[in-house]
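For the sequence shown, the residue numbers in our numbering are 53 to 334.
Glycine residues also receive a C-beta, built at the ideal position from the N, C-alpha and C atoms.
All figures in this text were calculated on a predicted structure; none of them were measured in a lab.
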Amino acid sequence: MAQLLKGAPAAAAICAGLAARSESLQARGIAPTLAILRVGERPDDISYETAAMKRCEKTGVTAKRFLLPADCSRDALLHAVRQINGDSTIHGCLMLRPLPDPEAEWEACGALLPEKDVDGITPAALGTVFTGQGSGYPPCTAQACLEILDHYGVPLEGKRAVVIGRSLVIGRPVSMLLQRRNATVTMCHSRTENLPAVCREAEILIAAAGQAGMVDASCVRPGQTVIDVGIHVTQAGTLCGDAAFDAVEPIVGAITPVPGGVGAVTTAVLVKHVMEAAEKCL
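In structure tokens, the structure reads:
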């Protein structure tokens, strides 16, 4: 039986002391505030928004929602971003993605002020991730993967890591973060030849392809640590990840559950970034 790398203990460790930091800021006239920008009514967006707002409430961060219809114009989207940019009481922005219009999404990401980008969506923040230089924040989910590994004492230096997925949200950023910690990283995707064999070479396997059950028993071996970033709704209405948990868990050494794994840590990283952004205003 694999060790379950539950997200709640790691999230609690990240959030410890954030409420006190918020009180200290508020005593000096600064209320840490997060803007949540959502376009449309996608259930997964609403679920993440709800979780983020609950985390904000527990840690002394104010959340302001900016809600737009799925068919909103590009001008309306950019107007919302400009509102967030121009509001000095807002310290960070969470833009729920993907947006219905990919081109509008890229434009909106570029329009957000880098100092309010707490989820690594602007070119400046991604530049920090890829160069190791600058003050931008990495994407929260990518950082959450490393927070879990660190919390459970999984060594990274010199280890072989395989990342399945190459998006700018998780795959590429988490690959760079792992390399900065001196892991040897192989980045794979749905077209990688003989993917199961490549996955079995890893000591640390990050599943972030966005395909339910893509990582099955053929992709793993005993002793591996599996971080499952995927989250999907089954036909039965339950949640599952990119890893076929029932097939993978009996084989590997450790694995994050879905739900109850990376997601809880992602919201903790988000509020930590907001707190740090608010503190920079001092």
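Where residue i falls: helix, strand or coil (DSSP)
| i | result |
| --- | --- |
| Leu56 | strand |
| Arg212 | strand |
| His284 | strand |
| Val323 | helix |
| Thr85 | strand |
| Thr193 | helix |
| Met266 | coil |
| Asp169 | strand |
| Ala254 | coil |
Among the options, the one whose alpha carbon lies nearest that of residue i
| i | options | result |
| --- | --- | --- |
| Ala156 | Gly313, Leu230, Ala128, Gln135 | Ala128 |
| Thr238 | Ala254, Pro225, Asn246 | Ala254 |
| Ile256 | Leu229, Arg212, Ala299, Gly262 | Arg212 |
| Arg243 | Gln263, Arg233, Pro150 | Gln263 |
| Gly293 | Val267, Leu77, Thr277, Gly275 | Val267 |
| Pro309 | Ala160, Cys108, Gly265, Pro225 | Gly265 |
| Ala194 | Ile222, Thr183, Leu201, Gly205 | Ile222 |
CB contact below 8 Å: residue i versus chain B
| i | result |
| --- | --- |
| Thr85 | The structure shown contains no chain B; it holds only a single protein chain. |
Proximity below 8 Å, CB of residue i to CB of residue j
| i | j | result |
| --- | --- | --- |
| Ala132 | Pro152 | no |
| Cys251 | Val272 | yes |
| Val215 | Cys192 | no |
| Thr277 | Ala249 | no |
| Ala320 | Cys67 | yes |
Other residues of its chain near residue i: CB distance less than 7 Å, five sequence neighbours each side excluded
| i | result |
| --- | --- |
| Val326 | Pro84, Leu86, Val113, His143, Gly144, Val170 |
Proximal residues to residue i (C-beta, below 6 Å), its chain only, five neighbours per side dropped
| i | result |
| --- | --- |
| Leu148 | Arg90, Asp97 |
| Lys116 | Ala87 |
| Thr180 | Gly186, Gly188 |
- Query: Quick one: any contact between the region 61 to 74 and the region 89 to 96, if contact means 3 or more CB pairs under 8 Å?
  - Reply: no
- Query: Is it a yes or a no for the region 312 to 328 touching the region 273 to 284, going by three-plus beta-carbon pairs under 8 Å?
  - Reply: yes
- Query: Touch check for the region 171 to 178 and the region 100 to 114: three-plus C-beta pairs under 8 Å?
  - Reply: no
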